[in-house]
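Reviewing the structure listed below.
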Amino acid sequence: MDMTRVAVIGAGVVGLSTAVCISESIPQYSIDVISDKFTPDTTSDVAAGILMPHAYPDTPVHLQKQWFQETFDRLLAIANSSEAVEAGIHLVSGLRRSGGQVHTRKVKDLWELYGAYDVVVNCSGLGSRELVGDLQMFPVRGQVLKVQAPWMNHFIRDGDGLTYIYPGAFNVTLGGTRQKDDWNLSPDPQNSREILSRCLALEPSLQRAWDIKEKVGLRPCRPGVRLQKEVLVQDGHQLPVVHNYGHGSGGISVHWGTALCAVKLVKELITTLKISTSKAKL
Ligand SMILES: Cc1cc2nc3c(=O)[nH]c(=O)nc-3n(C[C@H](O)[C@H](O)[C@H](O)COP(=O)(O)OP(=O)(O)OC[C@H]3O[C@@H](n4cnc5c(N)ncnc54)[C@H](O)[C@@H]3O)c2cc1C
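So for the sequence shown, my numbering puts the first residue at 139; every next one is plus one.
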């Protein structure tokens, strides 16, 4: 029997977790990740990485809770495992161990992948605005500072969540900004000065922080996460697609839950296509 070939577009936390989740759930599929950017150049690399529920107005609350819980459980299991130290590289290494290929390439049209893959999973985040013409997608710009301040062991967050100090494994993230419809990926020195001054007011010891790096990411926002299957049709050909994008401010917090849903949709598409193939042969 021929192997089912799946292409996952996007190598942020959503694309990589979806690729790993498919390869863990259905080892007999071959999975390639195709992306124009990889770590450390994705939005996911800029995120502070805090697990916190974020509201998606157009996504049913029970689904949001389910995605958050599944992601929390998965990350807790990793934190308690021997892989905890290398958790940051877990997704890519997990995929490579299971035989997945990684390609650096910008996809301009999903039909470019027709013939080479049986199913395409679209995890292109903000790129979906151009790739699939989703005009509901918009950026919310976030600028942060990544600094060395190894004495910081606890996180601090102000009331509205705009100012925060989040210690991570390799640095401390100081934030931040939320600028709707702002596409500027260059750091703004004025933003940096304001972030530092707000964080110093919360934690004066940060005066001693060193190796201050400015980072900018565009949150891939949408009123609701798009988790949906679709069969594109062109000149009598079919291209099965699963969309998994639009995670906005909370992609880190729900990535595993949405990956599990995407796997279910991939399985459904494959089953339907096999039924229609056998029907076509009758
Ligand atoms: C400052 C900041 C702080 C944040 N803090 C948190 C936090 O604490 N907790 C939390 O849960 N979330 C947080 N987030 C949100 C989180 O970062 C996002 O929700 C998450 O990164 C989205 O992941 P993604 O994989 O969908 O998108 P991305 O990481 O943007 O990945 C998209 C991928 O698709 C690829 N791509 C796009 N278009 C194409 C194309 N046409 N062809 C090929 N490849 C393509 C890109 O190269 C990229 O690899 C934060 C975001 C920012 C900016």
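C-beta atoms are modelled at their ideal positions from N, C-alpha and C, and glycine is treated no differently.
Presumed contact (8 Å Cβ cut-off) between residue i and residue j, rounded CB distance
i: His381; j: Val151; result: Between Val151 and His381 the Cβ distance is about 16 Å, and since that is not below 8 Å, they are no contact.
i: Gly153; j: Val146; result: 5 Å
i: Leu283; j: Leu312; result: 4 Å
i: Gly386; j: Pro342; result: Not really, about 32 Å apart at Cβ, beyond 8 Å.
i: Leu398; j: Glu208; result: 6 Å
i: Lys175; j: Ala149; result: 7 Å
i: Val354; j: Arg243; result: About 24 Å; that fails the 8 Å criterion.
i: His192; j: Gly388; result: 3 Å
i: Val171; j: Val240; result: 5 Å
Contact test: residue i Cβ vs ligand 1 heavy atom, cutoff 6 Å
i: Arg267; result: no
i: Lys351; result: no
i: Lys284; result: no
i: Pro342; result: no
i: Ile169; result: no
i: Ala254; result: no
i: Thr142; result: no
i: Ala186; result: yes
i: Thr181; result: yes
i: Lys402; result: no
i: Pro277; result: no
i: Ile303; result: no
i: Asp320; result: no
i: Ile390; result: yes
i: Arg346; result: no
i: Ile294; result: no
i: Gly395; result: no
i: Ala157; result: no
i: Ser387; result: yes
i: Ala444; result: This structure cannot settle anything about residue 444, because the visible part of the chain is limited to 139 through 420.
i: Lys203; result: no
i: Arg357; result: yes
i: Asp211; result: no
Distance cut-off 6 Å: residue i Cβ against heavy atoms of ligand 3
i: His381; result: Only ligand 1 can be found as ligands here, which leaves ligand 3 out of the picture.
**Prompt:** Hey, which unbroken runs of the beta strand (DSSP E) at 3 residues or more fall wholly within the segment 164–200?
**Reply:** 168–173
**Asked** Would the segment 243–263 and the segment 303–317 be scored as touching if the rule is three or more Cβ pairs under 8 Å?
**Response** no
**Prompt:** Is it true that the segment 153–163 meets the segment 356–364, where meeting means three or more beta-carbon pairs spaced less than 8 Å apart?
**Reply:** no
**Asked** Between the segment 287–302 and the segment 262–279, do three or more beta carbon pairs fall short of 8 Å?
**Response** no
**Item:** Whole alpha helix (DSSP H) elements within the segment 284–360, 4-residue minimum
**Value:** 327–340
**Asked** Would you call the segment 321–335 and the segment 191–204 touching, i.e. three or more CB-CB distances under 8 Å?
**Response** no
**Prompt:** When the Cβ atoms of the segment 326–344 are set against those of the segment 367–381, are three or more pairs found closer than 8 Å?
**Reply:** no
**Request:** Write down every uninterrupted run of the beta strand (DSSP E) in the segment 232–281 whose length is 3 residues or greater and which is fully enclosed by it, in chain order.
**Result:** 239–242 and 257–260
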